[in-house]
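Quick note, the numbering used here runs 200 ahead of the 1-based positions in the sequence shown.
Glycine is no exception: its CB is placed at the ideal position from the N, C-alpha and C atoms.
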Amino acid sequence: SDKPTGPCVPYTRLPTESFSSSTHGWKNAKRERSSGFGWFLGRYAHGDAHPYKEYKGIPYHARKVKFDIDFYEIDSWDADNRYGPDCIYIWVDNTRVFIGIFSSANDEGTRSGTQSGISWRSRSLAPPTQIGYNKADDQKHRITLYIPREYYADGKMRIRLETQVTESKESESSGWDNVRIAYLWQCSRRLNEIGTSDIEIDEDFVDELDAMDAEDVEEPEVVDASNCEEASKAVDISLVPLEKCVPSTDVDPISIVSQDGDSVTFTVSQLWKGCEDSGTMNWLAIDYIGSDGELHCDKSSVVGCGSVQTYTAQCEDGATVVDIYAYDSQGSAFQSPAENIFVPLACNSSGDAKNMCHFRFMVKCIPSLCNMNQVESATSETRNLRGFE
């Protein structure tokens with residue numbers, strides 16, 4: 201027969217990035233070594249710039265990219281609202297994948313989910329134990345992402361590792377290690393087609409790919425009740441397109457602290473400037489409906505990278521609107537070529553409009569993943585909020 205009969209070649213693996221001798225091209229990279237962890241990328245804590253890397257030359261005809269990384273939960277991670285919650289995200293291009301909340305008191309075990317077409321899984325490699333640094337228990341986790349073709353259609357893909365903790369590395373931090381990337385094929389290539397019939401196939405890895413194909417689940421609408429409130433915080437903020445300016449980098453300046461039905465508490469951070477180098481924003485103004493039902497504009501001057509302030513906003517029909525105005529006199533953070541930024545007088549603003557930016561966010565006030573029957577689309581519910589459509 202002319203048809204090849206060799207076993208299928210389901211994947212191509214790239215060399216592992218172990219950080220034992222280099223940072224492998226990661227930006228905002230720093231290496232550290234301990235007897236328990238060895239060499240790794242880290243440590244990252246509150247206020248640190250997140251490491252990222254752009255991978256190039258990814259073959260378009262790969263059906264998916266499998267991205268593996270080891271996450272080190274180091275020292276006193278907290279799941280409570282007083283000192284936490286401490287959590288991590290992995291960005292794929294502009295998609296922020298919420299991996300979950302971690303606590304040094306808990307074994308997180310196995311968890312999984314999907315976000316914007318990306319399937320992911322996290323599993324603990326061993327029970328919590330003291331591995332290095334402070335006396336609190338540490339834990340190693342392995343995180344896997346299955347990334348579909350639309351993210352690397354141009355042959356490139358950017359990965360960013362975000363650590364959200366509230367204290368310095370002396371108290372809690374993250375480490376990252378053993379990056380493994382594999383291109384997954386449609387399984388039409390055969391070993392004897394390319395003269396490599398002696399290639400060893402990792403059967404466990406093939407079984408894992410088969411299981412992934414068999415699941416082929418859609419993104420869930422509701423998550424487990426024990427985690428739905430925290431998971432909702434990652435998806436209940438929507439950017440309203442205004443096309444008012446061009447930022448130099450895409451960031452999420454708002455994070456939800458609590459959703460209380462008739463109000464929502466959120467934190468605003470300045471992440472456009474000074475996070476990867478030195479520099480400050482001239483001013484940042486937050487315009488929102490306060491808990492008293494009145495419009496408030498809170499302005500901060502000479503704002504560095506990191507958290508600015510926490511606010512509580514009143515909600516209407518399950519959502520509220522938050523406007524953020526920012527000014528960078530140097531024009532490196534963003535530009536508004538049309539000079540059409542109009543800041544409310546209550547914000548007491550000044551500066552060249554072409555170096556200002558206006559962001560508008562819709563924030564849901566009820567956790568949308570806990571009970572979808574209680575929450576409708578924030579877009580349709582808030583058409584009359586603050587007079588925009």
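Rounded to the nearest whole angstrom, the C-alpha separation of VAL502 and SER532 is 15 Å.
Take PHE219, set aside five residues on each side of it, and the residues of its chain with a beta-carbon closer than 7 Å to its own are ARG231, TRP239, PHE240, LEU241, ASP377, in chain order. Excluding its 5 nearest sequence neighbours in each direction, GLU430 has C-beta neighbours in its own chain below 7 Å: PRO285, ILE301, listed in chain order.
In this structure, the CA atom of TRP291 is about 11 Å from the CA atom of THR363.
Excluding residues up to 5 positions away in sequence, TYR252, LYS253, GLU254, TYR255, TRP291, VAL292, ASP293 lie with their Cβ nearer than 8 Å to the Cβ of ARG358 in the same chain.
Close CB contacts of LEU471 within its chain, under the 7 Å cut and outside five residues either way in sequence, are with VAL451, PRO453, CYS505 (chain order). Under DSSP, TYR289 forms a beta bridge with PHE298, GLU362. For the 8 Å CB-CB criterion, SER463 and ALA513 form a contact. ASN548 sits in coil when the DSSP states are folded into three classes, being neither helix nor strand. Note on PHE237: 16 or more other CB atoms within 10 angstroms of its CB, so buried under the neighbour-count rule. In this structure, CYS515 places its C-beta atom within 8 Å of the C-beta atom of CYS565. Separation of THR212 and TYR511 (C-alpha to C-alpha, rounded to the nearest whole angstrom) is 48 Å.
Spatial neighbours of SER507 in its own chain (CB-CB distance under 7 Å, excluding positions within 5 residues in sequence) are listed in chain order as THR467, SER469.
Taking 8 Å as the upper bound for CB-CB distance, ILE318 and LEU361 are not in contact here, some 15 Å apart. Contact between the region 274-281 and the region 297-313 is present: three or more C-beta pairs spanning the two stretches fall below 8 Å. The C-alpha of HIS246 is placed about 26 Å away from the C-alpha of ARG560. In the structure shown, ASN378 falls within a strand segment according to DSSP collapsed to helix, strand and coil. In this structure, ALA485 places its C-beta atom within 8 Å of the C-beta atom of CYS547.
Within 10 angstroms of the beta-carbon of ASP477 lie fewer than 16 other beta-carbons, which makes it exposed.
Bridge partners of THR512 according to DSSP: THR465. Distance from the CA of LYS369 to the CA of HIS250, rounded to the nearest whole angstrom, comes to 14 Å. Of the residues assessed, ARG323 falls on the exposed side of the cut-off, its CB having fewer than 16 other CB atoms within 10 angstroms. One thing to note: LEU495 has its Cβ no nearer than 8 Å to the Cβ of PRO210. Cβ neighbours of ASN306 within its own chain (closer than 8 Å, five residues either side excluded): ALA279, PRO328.
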